[in-house]
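Enquirer: Here it is, the structure in full.
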Amino acid sequence: MTGSNRRYPFGIRSDGSIDRRAFLQAAGRLGVGALGASSLGLAAGVARADVEPFKIGWVRPTTGRLASSFSVLYIGGLIAIDEINKAGGILGRPIVRQEEDDEASPAKEPAVIKKLQEAGLTYIAGPTGSSQALSSLATTTPAKIISATYANGAEMGDGKKYPYHYQCTFNTDQQGEVAARYLVDTIKAKKIGILQENTAFGEQATAASRATLKKAGVEPVRIEVYPLNAPDLNTYVGNLRKAGCDGLIAWIANIPNAAMAFNAMNAQKWFPAITGHNGLFLDALFDLVPDEALKNVYGTMYRSLMWSDGESPGPRQVEFAKKVVAYPEAKGSGTTVANSPYYDFLHILKMVIEGEKTFDTDKVKRALDNVRGYKGLLGTVNFTPENHTAIAIEDVALASVASGKDPKSLGVFRERAK
Amino acid sequence: MRDTVRRLVDSPANGWRLLLALAAILYVAPLLVGTEYRLFVATQMGVYVMVAIGLNLLNGYGGQVSLGHGALVGIGAYAAALAMVDAQWSFWPAAALAMAAAAVVGAMMALPALRLSTWYFALVTLGFAQVMEGLMTEWRELTHGFAGVVGIPQPALLGYALPSTGLYWLVLTLDLLAVAAVASLLRSRFGRALIAVRDNPVAATASGVSMVWIKMFAFVVSAAIAGLAGALFAVQKTVITPEDFTAEFSIFFLLVVVLGGAGRLWGPVVGALVFFLVPELLAALQSWRLLIYGAALLVLMLYAPHGLVGAVEAGWKRLRARLGLSNIAPLPVTGAQQDGGIRPIDGVALSVRGVEKRFGGVAALAGVSLEVAPGTSHAIVGPNGSGKTTLLNMISGFYPVDAGAIAVGGRSVIGLAPHRIAHRGVGRTFQTPRMMPDLTVLDNILLGAFMAETQGALAATLRLPAARREQAQSLAEAMRYLDFVGLRERAMEPAGELPHGQQRLAEIARALVGRPRLLLLDEPAAGLSLDELDRLGELISAIRGLGTTVVIVEHHLELVANICSSVTVLERGAVLASGTPAEVFSNEAVISAYMGAHVRIEAAS
Amino acid sequence: MDLDLIPAGLTAGSLYALVAMGFNILYRPTNVFNFAQGDLVMLGAMVGASVMALAGLPWLAGAAAAMLCVAVLALVEERVAVAPVLKRSAHGHSWVITTLAISMIIGNLVGRIWGPDPIAVKPPAPLSTETFYLLGMAVSSYQLALIAVTLLLVFGVEGFYRTRSGKAVMAVAEDRDAALLRGIDPDRLSRWSFFLGGAVAALTGILAAPLLYASTGLGPSLLLKGFAAAAVGGIGNNRGALLAGYIIGMAEAVGAAVLSPGYQLAMVFAVMLVILLIRPHGLFGSAEARTV
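Residue numbers (our numbering), protein chains in the order written: chain A, 5 to 422; chain B, 34 to 638; chain C, 94 to 385.
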């Protein structure tokens with residue numbers, strides 16, 4: 005690696021040049037995070053022998069209350085950068101992140117994107133969140149910046165509307181459909197209810213589930229929408245119970261609310277079959293809710309991250325799971341790390357850019373639009389000029405929440421629902 | 034060297050030159066150093082500055098804490114965005130709609146809040162903002178719910194969509210216009226009334242200002258400005274979602290105003306500038322940024338309690354003092370109208386019949402009657418707690434009447450609000466002078482002209498010739514009355530720095546500027562020096578000479594005997610005696626009630 | 094109407110009343126609204142949860158540790174952010190900024206100390222969050238205890254205000270300068286009030302944790318409704334805050350049963366507005382002193 009056994013602080017080699025990766029890791033250990041562009045430029049200048057790094061915008065909150073919960077969503081991206089750089093970067097250029105703090109605020113996005121644009125960046129990972137993504141896409145689209153945001157709304161994968169955005173995940177419509185179909189087809193629930201958080205995600209997911217139910221000729225017996233700051237969910241759960249639900253679709257994306265809902269069911273000794281969001285896979289739930297209340301709970305996830313009697317996750321997924329362990333902050337949220345779009349986005353970029361042998365965004369965009377059958381971490385990726393949602397519904401399935409306690413999960417995988 | 038600095042500092046024209054130079058730099062800057070990013074941030078800052086300018090009018094000058102301004106921006110943004118995207122309006126009518134919508138919602142927000150004091154007002158605005166945020170998602174058919182409004186087009190001028198530089202210039206121009214509009218408004222009767230409502234509501238009411246009306250006015254103007262800013266917010270961002278307009282967004286504007294300097298004209302501009310610049314400067318510190326920022330904010334506020342502009346002003350004053358320059362502005366030039374004397378006033382009769390008032394179980398007034406003929410002066414005397422001031426408060430409407438009748442000029446004033454009674458021609462002063470201590474003596478006195486002026490808010494904002502003429506007249510009138518009470522030389526000093534006795538005289542001048550037909554004076558002689566006492570006597574005689582009816586509550590019986598044609602003596606809320614001073618002060622019952630005072634009575638007769 | 098709404102409304106209402114009481118304790122001698130109050134509540138929950146769940150301290154010891162910790166922090170806040178600005182002007186609004194700055198600092202620090210996951214806090218034995226039926230209503234022993242503790246605290250604190258020290262606090266609230274003349278030291282009372290207000294905030298967080306879970310997002314949602322309870326009850330009045338907390342909690346519970354979230358908010362607001370329009374100084378608030 006360095007050609008010398010002696011270790012110098014900050015990755016400075018014995019000949020005075022700098023090993024950039026070691027430098028970055030050292031900087032990271034110091035808690036500096038990504039240094040500003042200037043210090044990276046300095047590093048590049050000192051490392052005479054190196055080629056210019058490939059800078060990619062990294063938009064996430066680094067300050068404020070949401071900083072820690074959002075940081076795990078970018079670990080997949082960090083792993084990908086590490087893998088790619090170890091393999092020689094993209095077209096020989098190592099990836100370097102240029103981090104910008106969006107404070108998770110939609111109002112900040114345009115400025116943040118413009119700043120990256122002016123620094124000459126044409127590829128961006130982030131932001132996370134649907135309002136944030138909408139805001140940033142309004143700027144990245146006319147600027148022809150290729151980006152992957154973490155927002156699952158179906159319209160985010162519309163290649164006509166957002167031609168430079170690639171949704172490297174499933175979308176909320178697919179999630180809504182899978183969750184509804186399972187209750188109808190497999191559980192054969194007669195009376196289906198929906199418990200939904202009052203957010204953009206909740207609204208979209210409920211609409212998708214209702215559309216699926218309607219196709220199956222089922223009308224939900226009750227839909228309960230709760231505000232995020234509700235002091236308890238007993239009333240909502242009670243209403244669903246009294247409506248006689250035997251199957252429940254739960255669009256709950258945060259753990260305190262999920263715990264409130266399941267504890268309310270536990271208190272009412274009512275355990276219908278529940279299908280819901282991938283956020284239910286967080287280990288923190290096990291501390292907050294008795295096991296009994298989680299037995300019949302299933303979350304939507306990627307088939308590639310599940311095991312069942314006949315199948316188990318592939319080698320790429322297992323290798324990924326092992327790497328996640330190296331990040332202490334990912335403890336208890338392995339599935340969340342894996343479900344994020346940034347790992348696949350970066351690997352697809354590498355493949356396409358190296359295939360085209362250019363970083364030119366127009367050429368790369370055309371090539372991205374023709375990606376077919378790429379085996380990603382989350383499933384088989386297919387893009388067309390119209391469809392920018394990477395994952396097909398066949399790769400989306402339901403997994404048992406309780407299986408997170410199984411050692412087979414490696415903190416990341418879950419058992420497929422039978 | 035020192036002289037050069039002195040000249041630079043002392044010339045008021047230099048202030049204007051500096052302002053013009055700064056404005057020119059702001060206009061030219063994008064052509065020289067403009068990048069898309071800087072332009073975007075600068076434009077966004079301009080939009081926030083506009084909201085803050087409006088909020089400063091309400092909070093800084095009006096003293097009303099609104100925690101709901103973010104929602105008003107949201108209303109404006111949604112109104113403009115929906116009109117442009119769903120109804121294909123062009124930007125300009127959409128911006129007008131945004132202003133109107135925000136003003137209407139602002140009025141709705143203010144309506145219940147006006148009954149409440151500061152922090153309840155804050156709570157109601159906060160709650161209202163939350164409800165608005167909720168409705169933005171709930172009213173899906175109109176607002177598109179969580180999906181928000183996307184694809185908001187750029188404003189077009191003469192058929193061409195403005196480029197980002199154009200939008201920057203538009204926002205900059207509108208900001209400067211907003212500052213100018215607020216500045217002219219503040220120099221008019223509306224501004225003084227607003228500040229009076231903040232600093233001394235009683236003085237405002239006694240001068241004929243309707244508290245409810247002026248607060249509502251400030252809120253609606255402030256909301257309309259927020260609405261316009263919302264329209265600009267929408268076109269600049271091109272996408273809006275309900276999540277843009279949270280409670281934090283509202284609180285942010287309050288922070289900007291207080292940081293920059295509440296009640297300072299340029300406070301919101303400086304506050305926003307610092308808010309945008311400091312985090313940018315700290316960007317290299319990444320995740321420690323907001324932490325350091327919070328600490329900096331704390332330290333700043335500890336050392337600059339009146340905001341940054343307040344700190345600069347204080348420093349400026351110190352600098353001028355060190356250069357031996359006065360911090361008191363020169364007397365204004367009042368023009369030709371000054372030559373005219375004070376016009377006579379048509380005094381009115383006061384009739385009080387059987388008035389009763391109880392506080393808790395205690396009868397403060399038990400059937401008091403008195404009659405004062407037009408143009409005469411009447412004294413109300415009596416020991417402390419005999420109900421004198423209570424009677425004045427009931428005549429001027431500050432206390433409701435339990436029973437009985439009060440008529441001014443033959444018309445009943447029972448049940449009228451104090452500012453309405455002021456409009457009937459009743460002026461008054463208070464036991465402790467009610468001044469706005471930070472304003473100049475002149476401004477305090479000009480407050481009294483609130484009723485005499487007729488200009489509307491729009492005329493005042495645009496500084497139409499008629500409005501300026503009227504303002505010049507009021508100024509000349511105020512200077513005449515300052516002359517009249519002998520305070521001309523101190524006109525430009527802060528009223529709070531005047532000695533107590535002079536504040537009293539100033540308060541009388543303020544009442545007189547309103548040309549009262551009935552003037553109620555509450556213990557005007559208390560705390561006056563002998564010299565001032567003489568002047569007061571002359572003054573009251575002169576006031577009566579103008580034709581005004583004067584009712585005076587006073588302990589100083591010598592003064593009363595000299596200047597009043599009739600006297601009513603109150604004891605324990607009832608009339609003990611009434612008649613001419615000579616009759617009353619020789620009355621046995623009065624002498625025994627007054628015990629210690631009889632020496633002075635002898636002296637007086 | 095469902096009887097279960099009653100314990101739900103009362104439980105939530107008790108929490109709002111506790112937040113409001115924290116506000117009030119600080120407000121009384123200082124006339125300051127602590128914008129960082131929500132953060133203190135959250136911090137109480139996080140510290141309490143950490144020492145109980147992670148360090149294994151028993152409930153009482155954990156609660157005491159958290160209360161002491163947050164109380165000291167509130168005291169620091171008073172020294173650093175409130176006392177200096179009050180010394181300069183008792184009527185200025187600088188404290189809006191300084192307490193917001195404290196909120197900003199705490200908010201950014203907790204994100205670095207604690208991760209995003211909520212921490213489970215078990216109620217102290219023998220209480221439990223398991224529900225049983227009482228008079229046809231589903232309640233848990235913990236809910237009952239929470240309601241009772243809130244009642245005790247409110248009346249305890251109100252009782253304190255009738256003592257000599259309590260009256261001194263009220264005197265300072267009315268007129269700082271006059272109190273000074275009567276030999277009361279307003280500074281000392283401010284310090285104590287922040288210390289106690291911090292302790293009450295921490296206790297609120299700890300009491301809320303078994304129901305709402307200890308997470309960094311706990312503060313903001315309680316802050317607004319706590320502020321509303323304080324105002325509706327009459328600022329400074331704890332019995333008023335209790336009643337107002339119950340009203341807001343009940344309005345919310347009933348709203349949850351019949352309305353969609355946007356309209357729930359509108360309903361809580363409408364209830365609040367109606368009360369304030371009928372009684373502009375809150376349920377138990379007294380009108381300001383005569384102005385003329």
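Using N, Cα and C, we set each Cβ at its ideal position, and we do this for glycine too.
All values reported here derive from a predicted model rather than from experimental measurement.
Since I believe Pro-211(C) is in contact with Ala-257(A) (beta carbons under 8 Å), could you give me their beta-carbon distance rounded to a whole number of angstroms?
Expert: The Cβ separation is near 14 Å, so there is no contact.
Enquirer: Does DSSP classify Leu-115(B) as helix, strand or coil?
Expert: Helix.
Enquirer: In this structure, what does DSSP give as the bridge partners for Arg-386(B)?
Expert: The partner list for Arg-386(B) (beta bridge, DSSP) reads Ala-438(B).
Enquirer: Straight-line CA distance for Val-586(B) to Gly-560(B)?
Expert: The alpha-carbon atoms of Val-586(B) and Gly-560(B) are separated by roughly 14 Å.
Enquirer: Cβ closer than 7 Å: which chain A residues qualify as neighbours of Gln-357(C)?
Expert: Pro-231, listed in chain order.
Enquirer: Would you report the Cα separation of Leu-219(B) and Pro-614(B), rounded to the nearest angstrom?
Expert: Their backbone Cα atoms lie some 46 Å apart in a straight line.
Enquirer: Are the stretch 244-258 of chain A and the stretch 360-375 of chain A touching, with three or more C-beta to C-beta distances below 8 Å?
Expert: Verdict: no, contact absent.
Enquirer: Mind checking Gln-121(B): buried by the 16 CB within 10 Å criterion, or exposed?
Expert: Exposed, by the Cβ-count rule.
Enquirer: Count the other CB atoms, across all protein chains shown, that sit within 10 Å of the CB of Leu-609(B); report buried if there are 16 or more and exposed otherwise.
Expert: Its Cβ being crowded by 16 or more others within 10 Å, Leu-609(B) is buried.
Enquirer: Looking at the C-beta of Pro-276(A), does it have a partner C-beta in chain C at a distance below 8 Å?
Expert: Pro-276(A) does not count as touching chain C.
Enquirer: Could you compute how far the alpha carbon of Asn-202(A) sits from the alpha carbon of Gly-241(B)?
Expert: Rounded to whole angstroms, Asn-202(A) to Gly-241(B) spans 49 Å at the Cα level.
Enquirer: If we call anything under 8 Å between Cβ atoms a contact, is Val-241(A) one with Ala-262(A)?
Expert: For Val-241(A) and Ala-262(A), no; Cβs fall outside 8 Å.
Enquirer: Curious, which full-length beta strand (DSSP E) runs of at least 3 residues does the stretch 317-363 of chain A contain?
Expert: Counting only runs of 3 or more, we get nothing.
Enquirer: Which runs of the beta strand (DSSP E) spanning at least 3 residues fall entirely within the stretch 167-212 of chain A, listed in chain order?
Expert: Whole beta strand (DSSP E) segments, 3+ residues: 196-201.
Enquirer: Is it right to say Ser-308(C) is buried, meaning 16 or more other beta carbons lie within 10 angstroms of its own, or is it exposed?
Expert: With 16 or more Cβ atoms within 10 Å of its Cβ, Ser-308(C) is classed as buried.
Enquirer: Please confirm if the stretch 220-231 of chain A is in contact with the stretch 139-158 of chain A, defined as three or more CB-CB distances below 8 Å between the two stretches.
Expert: The answer is no - the stretch 139-158 of chain A does not touch the stretch 220-231 of chain A, with fewer than three Cβ pairs under 8 Å.
Enquirer: Are Val-76(A) and Thr-340(A) closer than 8 Å when you measure CB to CB?
Expert: Cβ distance < 8 Å, so Val-76(A) and Thr-340(A) count as in contact.
Enquirer: With a Cβ-Cβ cutoff of 8 Å, do Val-188(A) and Val-328(A) count as a contact?
Expert: In this structure, Val-328(A) does not lie closer than 8 Å to Val-188(A) by Cβ.
Enquirer: Within 10 angstroms of its Cβ, does His-374(C) collect 16 or more other Cβ (buried), or is it exposed?
Expert: Counting Cβ neighbours within 10 Å, His-374(C) comes out buried, since at least 16 surround it.
Enquirer: Can you pull the chain C neighbours of Leu-292(A), defined as C-beta to C-beta under 8 Å?
Expert: The contacting residues are Pro-211, Ala-213, Tyr-306.
Enquirer: When DSSP builds the beta bridges, which residues end up paired with Ser-410(B)?
Expert: Answer is Val-583(B), bridged to Ser-410(B).
Enquirer: Can you grab the Cα-Cα spacing for the pair Leu-553(B) / Asp-278(C), in whole Å?
Expert: Spanning the two alpha carbons is a distance of roughly 41 Å.
Enquirer: Report the residues of the stretch 196-210 of chain C with a CB closer than 9 Å to any CB of chain B, ordered along the chain.
Expert: Cβ contacts with chain B: Ser-196, Met-197, Ile-198, Ile-199, Gly-200, Asn-201, Leu-202, Gly-204, Arg-205.
Enquirer: Does the Cβ-Cβ distance between Arg-386(B) and Ser-410(B) come in under 8 Å?
Expert: No, the Cβ-Cβ distance between Arg-386(B) and Ser-410(B) is not below 8 Å.
Enquirer: Whose C-beta lies closer than 6 Å to the C-beta of Cys-172(A) among residues of the same chain, with five residues either side of it excluded?
Expert: So the list reads Ala-152, Pro-345, Asp-348, Phe-349, Ala-394, once near-sequence residues are dropped.
Enquirer: For Trp-202(B) and Tyr-60(B), what's the separation of their Cα atoms in angstroms?
Expert: Rounded to the nearest angstrom, the two C-alpha atoms are 7 Å apart.
Enquirer: Output yes if chain C places a C-beta closer than 8 Å to the C-beta of Ala-209(A); else output no.
Expert: No, no contact with chain C.
Enquirer: Within the same chain, show all residues whose beta-carbon is closer than 7 Å to that of Val-265(C), passing over the 5 residues directly before and after it, in chain order.
Expert: If we look at Val-265(C) and ignore the five residues flanking it on each side, its Cβ neighbours are Pro-122, Ala-272, Ile-277, Pro-279, Leu-282.
Enquirer: For the alpha helix (DSSP H) that Phe-225(C) lies in, which residues bound it at each end?
Expert: No alpha helix (DSSP H) holds Phe-225(C); the beta strand (DSSP E) holding it covers 224-227.
Enquirer: Using the C-alpha atoms, what's the distance from Trp-299(B) back to Met-83(B)?
Expert: Spanning the two alpha carbons is a distance of roughly 11 Å.
Enquirer: Under 8 Å, with one C-beta from each stretch per pair, do the stretch 131-143 of chain B and the stretch 341-350 of chain C reach the 3-pair mark?
Expert: At 8 Å Cβ cutoff, the stretches do not touch.
Enquirer: Tell me where the beta strand (DSSP E) around Glu-228(A) begins and ends.
Expert: That run of the beta strand (DSSP E) goes 226-230.
Enquirer: In this structure, does DSSP put Trp-311(A) in helix, strand or coil?
Expert: Of the three classes helix, strand and coil, the one that applies to Trp-311(A) here is strand, per DSSP.
Enquirer: Based on the DSSP secondary-structure assignment, which residues constitute the bridge partners of Leu-527(B)?
Expert: According to the sequence displayed, residue 527(B) carries Pro and not Leu. DSSP, once it has assigned bridges, lists Thr-473(B) as partnering Pro-527(B).
Enquirer: Just to confirm, are Met-484(B) and Gly-547(B) a CB contact at a threshold of 8 Å?
Expert: Yes; because the gap between Cβ atoms is below 8 Å, this pair is in contact.
Enquirer: For Gly-49(A) and Leu-358(B), I'd like the C-alpha separation in whole angstroms.
Expert: With a pLDDT of 40 at Gly-49(A), under the threshold of 50, the predicted position of this residue should be treated as unreliable, though the coordinate-derived value follows. Taking the straight line from one Cα to the other gives about 56 Å.
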